[in-house]
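Here the working numbering is used: the first residue of the sequence shown is 97, the next is one more, and so on.
Each residue gets a CB set at the ideal place from its N, CA and C atoms; glycine is no exception.
Following: one structure in structure tokens, then a few remarks.
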Amino acid sequence: MKYRISILALLVVATLGQSCVSSKKYKELDANYTQLQNSTRDLSVKYQTSEQSLALANGRVKSLEEQLTSERNNVKALQDALNKCLNSSSQGNVNISKLVDEINSSNKYIQQLVNAKSKSDSLNMVLTNNLTRSLSQQEMQDVDVKVLKGVVYISLSDNMLYKSGSYEISDKAGETLSKIAKIIKDYSNYDVLIEGNTDNVPISQKNIRNNWDLSALRASSVVQALQNNYAVDPKRLTAGGRGEYNPIADNNTPDGKAKNRRTQIIITPKLDQFMDLIGKAPEAQSTTPPVTPPKQ
Numbered sequence: 097m098k099y100r101i102s103i104l105a106l107l108v109v110a111t112l113g114q115s116c117v118s119s120k121k122y123k124e125l126d127a128n129y130t131q132l133q134n135s136t137r138d139l140s141v142k143y144q145t146s147e148q149s150l151a152l153a154n155g156r157v158k159s160l161e162e163q164l165t166s167e168r169n170n171v172k173a174l175q176d177a178l179n180k181c182l183n184s185s186s187q188g189n190v191n192i193s194k195l196v197d198e199i200n201s202s203n204k205y206i207q208q209l210v211n212a213k214s215k216s217d218s219l220n221m222v223l224t225n226n227l228t229r230s231l232s233q234q235e236m237q238d239v240d241v242k243v244l245k246g247v248v249y250i251s252l253s254d255n256m257l258y259k260s261g262s263y264e265i266s267d268k269a270g271e272t273l274s275k276i277a278k279i280i281k282d283y284s285n286y287d288v289l290i291e292g293n294t295d296n297v298p299i300s301q302k303n304i305r306n307n308w309d310l311s312a313l314r315a316s317s318v319v320q321a322l323q324n325n326y327a328v329d330p331k332r333l334t335a336g337g338r339g340e341y342n343p344i345a346d347n348n349t350p351d352g353k354a355k356n357r358r359t360q361i362i363i364t365p366k367l368d369q370f371m372d373l374i375g376k377a378p379e380a381q382s383t384t385p386p387v388t389p390p391k392q
């Protein structure tokens, strides 16, 4: 954003000053403008590269976590078998050696899974910080952005989005929604689900039957605002309501109710993009010390 302001300032100065500044000064301004354009282009390339790396790593996380659990269970079973062999006669020397090799192999693979998951978690944190850096401190109180396994979750409080007791978008929500629309456009190949959620207090508004209606209407309002005001492609958008049946906090407290009254924007890869990421093996070096066969 600072680059854009600087570029705009240079354009204004250049336009107003063409008739009153020297040719040398105009050339300096033009050179600065070109330099800023190049810097902006470099930053955009770095951002796209980081996003692609993140999507590739996150696509493996679910299978890595399942494999990690399986391998840990396998190691425990192997260790139990090894202990049983140690309590038997020396006849089990060959089996013990084989078990030791299998344990070392499993430990190495576990470390590969751990390293891959740690790398993915780090990329998630970097991208989350990039997505939220344009939000003000006040906006951060009403907007929660997370990246989990390649999916971006943006949770918006009803106080920030809607007029009290209504599904109409409030005036103060415009600036924040414009920033959310920028995030959605950055993920141009992803689908976007707008999901309305309420607390468990029954609604008593005319023409709104219950919290199902309210949550769906609020999600629809956000979808239409993104389409009509911020030029988000409607083919990518889906509006849905979950009423009071997807709470994230206890509805027995005012704070819990406030957390449950939210609209969630979920930016997720298409199915074919998920399938492309399946089966990619992690590349990492093991730091787990090998198991040494016991002396007999």
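List the DSSP bridge partners of residue i.
i: Tyr249; result: Lys242, Ile362
i: Gly261; result: Answer by DSSP bridge pairing: none, since Gly261 is not bridged.
i: Leu333; result: Val288
i: Asn307; result: According to DSSP, Asn307 bridges with nothing at all.
i: Asn154; result: DSSP lists no partner for Asn154.
What number of angstroms, rounded off, separates the C-alpha of residue i from the C-alpha of residue j?
i: Asn179; j: Glu161; result: 27 Å
i: Gly292; j: Asp176; result: 50 Å
i: Ser260; j: Ser140; result: 39 Å
i: Leu244; j: Ile363; result: 11 Å
i: Ser317; j: Gly155; result: 32 Å
i: Asn347; j: Ala354; result: 9 Å
i: Val196; j: Glu167; result: 15 Å
i: Thr165; j: Ala269; result: 43 Å
i: Gln133; j: Tyr143; result: 15 Å
i: Lys331; j: Pro365; result: 14 Å
i: Ile304; j: Asp282; result: 35 Å
i: Ser149; j: Val247; result: 14 Å
i: Thr145; j: Thr294; result: 38 Å
i: Arg357; j: Ser119; result: 59 Å
i: Val157; j: Lys242; result: 16 Å
i: Ala151; j: Ser300; result: 44 Å
Mind reading off the beta-carbon distance from residue i to residue j? Whole number of angstroms is fine, and I expect it under 8 Å.
i: Arg314; j: Tyr258; result: 6 Å
i: Tyr341; j: Leu310; result: No, Tyr341 and Leu310 are not in contact; Cβ-Cβ is about 13 Å, not under 8 Å.
i: Gln360; j: Ser251; result: 5 Å
i: Asp238; j: Ser253; result: 4 Å
Would the beta-carbon of residue i fall within 7 Å of that of residue j?
i: Asn170; j: Ser202; result: yes
i: Ile192; j: Cys181; result: yes
Using a threshold of 6 Å, is the CB atom of residue i nearer than that to any non-hydrogen atom of the ligand SAH?
i: Ser274; result: Among the ligands in the structure shown, none appear at all, so the ligand SAH cannot be discussed.
Problem - Inter-stretch contact at 8 Å, needing at least 3 Cβ pairs: the stretch 121-133 / the stretch 323-343 - result: For the pair of segments examined, the stretch 121-133 was found not to touch the stretch 323-343: the number of CB pairs separated by less than 8 Å stays below three.
Practice task
Tell me, please, whether the stretch 310-328 touches the stretch 277-289 by the rule of three or more beta-carbon pairs shorter than 8 Å.
Solution key: Of all C-beta pairs linking the stretch 310-328 to the stretch 277-289, three or more are shorter than 8 Å, placing the two stretches in contact.
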